[in-house]
Amino acid sequence: MTGERLFGACFAAGGAGIGRPTMVAGAARRDEGSRKAHMDEGTDRTDASDPAGDGLGRTRGLRAFLREGPPVGPTRPAFWRSPARGPWTTSVLGAVLLVGITVVTVTGLLSYAAYNPDLSPVNDKTPGKGLLGFYLFPWPTDPHWLYRLTQGLHVTLGIVLVPVLLAKLWSVIPLFFTWPPVRSVAHSLERLSLLCLVGGALFVFATGVLNVQLEYVFPGSFYVLHFYGSWVFLGGFAVHLATKAPVMVRTLGGGRRGAPPPGPGEDPGGGPPGGSGLVSPGPAPPTISRAGVLGMVGLGSLTLFAVTAGQSVGGPLRATALLAPRGRLSGDGPNDFPVNTTAARARVGEGDVGDSWRLTVRGSGAEAVLSRAELLALPQHDAALPIACVEGWSTRDQEWSGVRLADLADLVGAAGPVGVFVESLQRTGSFTRVALRANQVGDPRSLLALRVNGADLSLDHGYPARVIVPAAPGVHNTKWVGRLTFGEA
Amino acid sequence: MGALRRWYGAPVSHLLLMVGAFALVGYAGVRLLAGDALGVAVWFVGAAVLHDLVFLPCYTLVDRAWQAVAGRLARRRRDAEGGDGRRNRLINHVRVPAVVSALLFVVYFPLILGPSDSYLSKSGLPGHPFAGRWLLVCAFLFAASAVVGAVRYARGSFGVRSA
């Protein structure tokens with residue numbers, strides 16, 4: 090089978106130029122096309138470079154250097170040799186990222202809203218957000234799998250986009266070294282915005298990917314870094330979209346996918362020759378087609394999807410997530426679904442949750458103290474709800490049973506729509522205290538759960554009692570509950 | 808207006824876009840840097856620099872090295888079929904599984920190199936299965952690529968013979 094077209098050289102980037110200048114005579118044209126650097130066996134001799142020793146010549150030589158840049162190295166377009174680079178390749182990757190990053194951004198913003206950060210300081214890890222919280226709204230309880238969907242999408246799609254992001258950066262690397270580094274005030278600002286774009290993207294992806302693996306090596310709180318880092322990125326993204334989206338549309342609209350093998354001076358990327366700065370003026374012999382490069386990127390994304398998505402699907406498919414943090418089955422008992430934090434890690438011991446455990450319920454003036462037996466004697470209700478973690482993994486619906494939060498509010502005379510302040514016995518970790526909104530308390534499926542899937546809660550799942558609320562992020566389903574305070578919220 | 812445009816080097820709309828974008832960047836950036844400013848700056852700028860000046864050149868050099876090796880291997884057994892097609896197929900049947908394996912590592916290296924203490928204590932899941940699983944996936948990818956390559960090679964040979 091030799092029918093496949095092999096006219097690109099993926100990843101054949103600058104290597105050839107390192108240590109051994111590979112220049113193609115007359116082909117090393119700068120982007121603008123107005124200034125030609127005449128190449129001769131790797132030496133760049135411009136008209137301005139007079140013999141050394143002549144003072145005037147040296148000044149001219151310096152000027153020429155500033156204009157033309159170093160005679161060899163990555164600032165030379167001819168340094169970059171992969172014929173797979175070009176406007177078409179970059180535009181396709183850009184289009185995929187445009188859609189993908191938009192979804193990841195929206196689901197990310199939704200995840201922040203899901204915490205109800207404006208309800209109480211305990212819900213908000215970024216209280217200094219100011220105007221960046223402009224869009225917040227009361228998080229709904231319907232559909233009950235809402236957070237499971239949005240956060241599963243956020244994390245899984247983010248991971249799947251990693252190959253696309255890296256390929257995009259590969260495709261535009263010649264522009265990073267563009268010479269002169271700064272052409273005008275406008276150009277310098279645009280380059281600064283590119284730092285926000287590229288640095289921001291890598292920063293946000295890196296913190297996200299590390300956080301889901303519980304590798305807390307980044308310099309600060311994940312919530313702070315990921316949230317504000319994303320907004321810095323979005324600033325760069327806005328500039329990039331406004332300046333480059335028209336180019337992308339034009340390039341893809343041209344539809345020259347099946348472009349012929351590039352001849353001299355012809356753009357293998359499907360765009361007009363020159364102009365983009367992406368097309369190698371002296372391409373290496375092709376080793377893979379442009380479609381082949383995209384296919385390889387797609388295969389990378391598909392493989393990442395295959396070893397990740399199962400942790401957000403749950404059930405037997407969880408085991409397919411071979412490399413994902415929560416792709417492992419722990420058994421098939423009623424309590425054998427993943428936990429975010431074990432009792433040992435939260436430093437909750439048997440002593441805290443034995444027969445002496447009591448739940449304190451407070452309302453407007455009234456207070457009730459209940460043992461687990463007394464809670465079990467109250468009307469029990471069932472709800473089929475998932476656990477969905479900010480880290481992207483989730484479980485299928487579990488059959489919880491316990492006392493409705495609304496009934497507990499009634500018990501202490503908290504009238505009307507009320508929120509609740511939930512306090513856990515756990516001694517370490519974030520979100521040991523959370524506030525739930527009135528719509529969450531009022532939902533008949535919101536329970537103080539005592540049992541799951543027909544068995545008592547295990548200690549790791551929050552025995553003696555835990556909160557379970559439809560569509561809420563996992564950390565808002567507080568385990569080892571010690572006190573509930575109902576009130577206006 | 809004309810003078811502004813000449814000094815600035817782009818239309819005024821471009822300037823407005825920049826002002827708007829950098830207002831957002833500044834607003835968020837101040838908050839991003841409110842904690843460990845140096846650490847965050849190093850991470851932020853370092854990510855871009857590390858990628859563009861270390862990561863990308865390194866994988867490019869690895870690819871170029873493999874291309875050179877594959878070229879030699881293909882030349883040694885060149886036949887009527889033509890060297891370039893054979894060379895490129897050899898390059899890509901190693902390149903594709905290698906790139907995909909590397910991508911899996913880039914995303915999941917913390918778990919592959921050994922989960923953090925936080926992972927072990929929070930999840931309660933025992934053991935370190937990820938290195939073995941990753942190697943297994945890599946082996947599968949290379950094996951699948953080899954099978955596809957062998958089928959192509961066989962078909963190509965038969966095609967030449969029957970022609």
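Residue numbers (my numbering), protein chains in the order written: chain A, 90 to 578; chain B, 808 to 970. All C-beta atoms, glycine included, are put in the ideal place defined by N, C-alpha and C. Here the structure is a predicted model, which means the values were calculated and not measured.
Checking the sheet assignment: what are the DSSP bridge partners for residue i?
i: Ile557/A; result: Leu536/A
i: Gly491/A; result: His470/A, Ala538/A
i: Leu459/A; result: Leu448/A
i: Val509/A; result: Leu525/A, Phe575/A
i: Asp593/A; result: Since the first and last residues shown for chain A are 90 and 578, residue 593/A lies out of range.
i: Ala477/A; result: Ser483/A
i: Val570/A; result: Ser513/A
Would you decide whether residue i is buried or exposed? Buried here means 16 or more other CB atoms lie within 10 Å of its CB.
i: Thr239/A; result: buried
i: Tyr224/A; result: exposed
i: Val861/B; result: exposed
i: Ser453/A; result: exposed
i: Pro172/A; result: buried
i: Cys865/B; result: exposed
i: Leu823/B; result: exposed
i: Met337/A; result: buried
i: Pro159/A; result: exposed
i: Pro370/A; result: buried
i: Asp471/A; result: exposed
i: Ser535/A; result: buried
i: Ala245/A; result: For the record, residue 245/A in the displayed sequence is Thr; it is not Ala. Thr245/A comes out buried.
i: Leu943/B; result: exposed
i: Gly384/A; result: exposed
i: Met825/B; result: buried
i: Val907/B; result: buried
i: Ala950/B; result: exposed
i: Ser519/A; result: exposed
i: Leu286/A; result: buried
i: Pro904/B; result: buried
i: Arg134/A; result: Note that Arg134/A has pLDDT 36, beneath the 50 cutoff, so the model's placement of it is unreliable and the number below is only indicative. With fewer than 16 other Cβ atoms within 10 Å, it is exposed.
i: Glu456/A; result: exposed
i: Arg152/A; result: exposed
i: Leu464/A; result: buried
i: Thr148/A; result: exposed
i: Phe307/A; result: buried
i: Leu831/B; result: buried
Which whole-angstrom value describes the C-beta separation of residue i and residue j, a residue pair presumed to lie in contact below a C-beta threshold of 8 Å?
i: Ser180/A; j: Leu330/A; result: That belief does not hold up - the Cβ atoms of Ser180/A and Leu330/A are roughly 13 Å apart, past 8 Å.
i: Arg555/A; j: Ala538/A; result: 5 Å
i: Thr76/A; j: Gly325/A; result: Shown here, chain A extends from 90 to 578; a query on residue 76/A therefore has no answer.
i: Asn424/A; j: Glu488/A; result: That belief does not hold up - the Cβ atoms of Asn424/A and Glu488/A are roughly 12 Å apart, past 8 Å.
i: Ser401/A; j: Gly481/A; result: 6 Å
i: Tyr960/B; j: Ser273/A; result: With a Cβ gap of about 55 Å, Tyr960/B and Ser273/A do not count as contacting.
i: Leu514/A; j: Asp441/A; result: 5 Å
i: Thr521/A; j: Phe426/A; result: Rounded, the Cβ-Cβ distance is 22 Å, inconsistent with contact.
i: Pro263/A; j: Pro166/A; result: 6 Å
i: Thr567/A; j: Phe510/A; result: Not really, about 10 Å apart at Cβ, beyond 8 Å.
i: Arg940/B; j: Leu412/A; result: 6 Å
i: Ala334/A; j: Ala828/B; result: Incorrect: roughly 14 Å between the Cβ atoms, too far for contact.
Determine whether the Cβ of residue i lies closer than 8 Å to any Cβ atom of chain D.
i: Ser928/B; result: Absent here is chain D; the protein component of the structure consists of chains A and B.
The stretch 470-485 of chain A touching the stretch 552-568 of chain A, judged by at least three CB pairs closer than 8 Å
Under the 8 Å Cβ criterion, the stretch 470-485 of chain A counts as touching the stretch 552-568 of chain A, having at least three qualifying pairs.
Unbroken stretches of the alpha helix (DSSP H), 4 residues or longer, contained in the stretch 926-970 of chain B
The stretch 926-970 of chain B contains these whole alpha helix (DSSP H) runs: 937-969.
Sufficient close CB pairs (3 or more, under 8 Å) joining the stretch 212-227 of chain A to the stretch 297-315 of chain A
Yes, the stretch 212-227 of chain A touches the stretch 297-315 of chain A.
Under 8 Å: do the stretch 429-438 of chain A and the stretch 546-555 of chain A share three or more Cβ pairs, one atom per stretch?
Contact between the stretch 429-438 of chain A and the stretch 546-555 of chain A is present: three or more C-beta pairs spanning the two stretches fall below 8 Å.
For the structure I just gave you, are there three or more beta carbon pairs, one from the stretch 237-253 of chain A and one from the stretch 187-194 of chain A, closer than 8 Å?
The stretch 237-253 of chain A, when compared against the stretch 187-194 of chain A, does touch it at the 8 Å Cβ threshold.
Three or more beta-carbon pairs under 8 Å between the stretch 488-505 of chain A and the stretch 524-534 of chain A, yes or no?
The answer is yes - the stretch 524-534 of chain A touches the stretch 488-505 of chain A, with three or more Cβ pairs under 8 Å.
Can you confirm whether the stretch 252-263 of chain A touches the stretch 378-391 of chain A when touching is taken to mean that 3 or more C-beta pairs between the two stretches lie within less than 8 Å?
Contact between the stretch 378-391 of chain A and the stretch 252-263 of chain A is present: 3 or more CB-CB pairs across the two stretches fall below 8 Å.
Touch check for the stretch 406-418 of chain A and the stretch 926-939 of chain B: three-plus C-beta pairs under 8 Å?
Three or more pairs of CB atoms, one per stretch, sit closer than 8 Å, so the stretch 406-418 of chain A contacts the stretch 926-939 of chain B.
Extract the residue ranges of the alpha helix (DSSP H) inside the stretch 378-428 of chain A, only unbroken runs of 4 or more that lie entirely within it.
Within the stretch 378-428 of chain A, the runs of alpha helix (DSSP H) at least 4 residues long that lie entirely inside it are, in chain order, 379-395, 399-402.
Per the contact definition of three or more C-beta pairs closer than 8 Å, is the stretch 266-281 of chain A in contact with the stretch 199-209 of chain A?
The stretch 199-209 of chain A vs the stretch 266-281 of chain A: no contact.
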